[in-house]
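Residues 1 to 739 in full-length UniProt numbering are what the sequence shown spells out, letter by letter. Where a beta carbon is used, it is the ideal one built from N, C-alpha and C, also for glycine. These notes concern the structure reproduced below.
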Amino acid sequence: MEAPADLLDSGYVNELHIQAFIDALQSDDLDGHDALSAASPHTVPSSPVPQSPRVRKVSALSDFAPINLKVKRKRKGDKSPGRRQEWSFLVLRWPLLLLIFVLIAAQFGFYILIRQLVNTKEWLLACKFDLKWRGQKGLLRKRLRGARTYQEWKETAMMLDKYLMLTEDAFYDWKLLRKVNRSLKILREKKDVRGVLGVLETCIRSNFVGVESSRLYSETFLGTKDLIESYHTELQSALQFVRESSELSIEEKRKFFKNASTNLGASALCLSGGASFGYYHFGVVKAFLDAGLLPRVIAGTSAGGLVAALVCTRTDAELKTLLVPELAQKLTACEDSFTVWIKHLTSVVWARKCTFFTRGSMTFREAYLRTGRILNISVVPADRHAPTKLLNYMTAPDTIIWTALLASAAVPGILNPVVLMQKLHDGRVVPWNWGSKFKDGSLRVDIPLQALKMYFNVTHPVVSQVNPHVHLFFFAPRGSAGKPVAHRKGKGWRGNFILSAAEQWLKLELTKNFKVIRDLELLPQLLGQDWSSVFLQRFDGAVTIWPRTRILDWLHILSDPDWVELERMMKVGQIATWPKLHMIENRFRIENEILMGRQAVRIAMDQIRSRTNPGDTRNIVVNGRAVPEPVTGSRLRTRSESPIPLDSDTERAFKDNGTAWYLRRGRPTAGAPRESETSTPYENDYNNITDPLRSPVLRRKWASELLDRNDDSGAGNSSASPRTATPEPSADEPRQNYF
């Protein structure tokens, strides 16, 4: 499928915005008040004064350093505070650093040896099994390796799992899960909606009883234990039953689905940096897109930020058209040879090339309103002591995305730190954050898990990791999701226990030595950057996808692929993603049902509000501008009638553009309508019914007691329900003990 020429040849470069960016980069040469005026978005222009244009000289510290890097001259007699160290540090620093580097080199050599021994043994096992499995097993494994589509791979994996007849393992609380599964099914069949609600409030948690553990998916090619699969199906049916029930009021549904969303959290796709290795991300995204599982929250750093920007500024239909090998004609960041572009590379050159991936000067807020996907770009301030920043539609709504991409790709020694630009309401472009400069976010936070958790309650991050310095150390000793160990029916150790233990020990020793270098501040700053934390970050997530790279990729780490190479990289990314998709889909189904429940509640509340106050249009207009309908097309719906999905109090305060609601946290004010005035018809019908399970506290207590009973409890024990005094109007008998 070829991409239409109009999508690839569209011109998105705005010369006025490029010129404003150039002026902002040069503003650090101004003095005093002029510099502040250039960086302020609200500066009132003074009377026109003719000024002669300045001609800036091109300079560099050396032939291999970035151009136009300003270095302050030091006066004679000035001493840097950083050099005021005690004599023991000055004497022992370099010998200790040299000794640690020698240890690291020796340990790294042994680590490579261990990995090669593991690979050799696995290759011998594969040859042995190929000779042994000449029948159906061998054919299925060959079909699995040669699958060209996810559907073909999935069907073959299901057949192989069924043929191998893998047994169960106790890596989760299967007894409690069986109770929950049985309770949900029986309560739903009896139409006991509040009983279902009580059980759901107990079990909707992130990684409930360990069902999201990747270990449960590492012994099969597709799927996991039958009990876990049936649990996700029953949980999905129960959520749909609650959403469609007429016995619950709108307020009860609102509280339940909001609490469920908070307790479960959200999924996010995090794309790492890695220079040209980052083009493997295109295949990962394509696999998610074809399966309809692309998350709403997407984060990217450096090269991963470029892919994330393309995904979050295009609709699903546009992405399916663009994610083809012909996209290589737009990947021209390093089109010249290394010796040519390294001498002449500037931020302005890359700025013009980035505008295609961001649809011109689109901001984070504009991208979110167009597609419903939340773009996150990680950057680091030029000051080494300043904290990292995660840019998105909440923290930097009016910031232009391509400036964030340049900052996230500004690796010291290759590209200077850049100024982020923001777009004003009148269309002008000015520096953001008073002209502060930012650089590559992967230097400190390649995968911003903590910030994603804080802003969007991300509890299930899916990481696509292609960083070359991290890829060498990825090793799953007991197999990974969809890739079981080749021997002992997927329950053995890779290589054997001794080799796996040696690999883990050497990796921990390497990490320890890097921590010593960082904590003792032994490593000097190179190119104005502290590099000691590059190996000490967290690079994985709840699910981690590792596309299989080649040694040849290291030779082309700073070069652009042609369409043949891009096709290969996209295929490799897809193949690496397929084994993880079923695990991600199980989580996705639950998030989807909760989001659909919240949307249904919002639509019902909007209808009630429109009948009560016909002039209330806050749900369709923001800041006087009509909000376009997102057109993602993914199975995970991204919004209801509101332009911003109110998944947290922080987002609600952001939408209301004020702090009054946020400070009182939704508590009614004196002028607010009473609850009876805004109640729904269903709520009025049941206001006079004495039902203990209308109270969330009693409902959770009842559900806890229900699940604590043994499996051999009598089915006719009527004491299981707190409603024995006043029966439920829709049932002729109180709740029974369904175990």
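By a C-beta neighbour count over all protein chains shown, 10 Å radius and 16 as the cutoff for buried, is residue i buried or exposed?
i: V564; result: exposed
i: Q450; result: exposed
i: E86; result: exposed
i: R373; result: buried
i: P95; result: exposed
i: K175; result: exposed
i: K142; result: exposed
i: I551; result: exposed
i: L16; result: exposed
i: H469; result: exposed
i: S533; result: exposed
i: E219; result: buried
i: R359; result: buried
i: P484; result: buried
i: D519; result: exposed
i: M431; result: Looking at the sequence itself, residue 431 is Pro, so the reference to Met does not match. By the 10 Å Cβ count, P431 comes out buried.
i: V419; result: buried
So the beta strand (DSSP E) residue i belongs to, where does it begin and stop?
i: V463; result: 458-464
i: N376; result: 374-381
i: residue 770; result: Residue 770 lies beyond the residue range present for the chain, which begins at 1 and ends at 739; the question has no answer from this structure.
i: S267; result: 266-271
Leaving aside the five residues before and after residue i along the sequence, list all residues of the same chain whose C-beta is less than 7 Å from its C-beta, in chain order.
i: F364; result: L375, L391, N392, Y393, A396, P397, T399, I401
i: F356; result: Y12, K330
i: H556; result: S276
i: R538; result: I447, L449
i: G146; result: none
i: V209; result: Y172, D173, L176, L177
Under 8 Å, do residue i and residue j count as touching if we go by C-beta distance?
i: V380; j: L443; result: yes
i: L97; j: L523; result: yes
i: L506; j: Y111; result: yes
i: S408; j: L271; result: no
i: S261; j: I594; result: yes
i: A303; j: A275; result: yes
i: K353; j: A333; result: yes
i: V211; j: L499; result: no
i: A287; j: T577; result: yes
i: Q529; j: P387; result: no
Rounding to the nearest angstrom, what Cα-Cα distance links residue i and residue j in this structure?
i: T612; j: R384; result: 54 Å
i: W531; j: D426; result: 41 Å
i: N14; j: K580; result: 40 Å
i: A105; j: T459; result: 37 Å
i: E251; j: M596; result: 16 Å
i: F497; j: E503; result: 10 Å
i: S230; j: S246; result: 26 Å
i: W123; j: K179; result: 43 Å
i: R370; j: Q116; result: 48 Å
i: F588; j: I228; result: 14 Å
i: K571; j: V349; result: 30 Å
i: L90; j: E521; result: 12 Å
i: I18; j: F282; result: 27 Å
i: W153; j: S237; result: 27 Å
i: V543; j: W554; result: 25 Å
i: M454; j: G138; result: 48 Å
i: Q525; j: N467; result: 22 Å
i: L92; j: F474; result: 34 Å
How is the alpha helix (DSSP H) around residue i delimited, first residue to last?
i: L184; result: 174-189
i: D290; result: 280-291
i: C354; result: 347-354
i: V307; result: 303-313
i: Q504; result: 497-519
i: G198; result: 193-203
i: D606; result: 563-612
i: A20; result: 15-26
Might you give, ordered along the chain, the residues of its own chain that have their beta carbon closer than 8 Å to the beta carbon of residue i, omitting 5 neighbours on each side?
i: L140; result: T156, M159, L160, Y163
i: L7; result: E318, T321, L322
i: A328; result: D560, P561, D562, W563, E565, L566
i: A266; result: P295, R296, V297, F456, N457, V458, T459, H460, E591, D647
i: L452; result: A268, C270, V297, A299, N376, L390, V458, P461
For residue i, which residues from the same chain have a beta carbon less than 6 Å from its beta carbon, with the 5 sequence-adjacent residues on both sides left out?
i: T301; result: G273, S378, S408, G441, S442, D446
i: A20; result: V429
i: S214; result: A481
Does at least one heavy atom of the ligand ATP sit under 7 Å from the Cβ of residue i?
i: R538; result: By its list of ligands, the structure shown contains no ligand whatsoever, and the ligand ATP lies outside what it can speak to.
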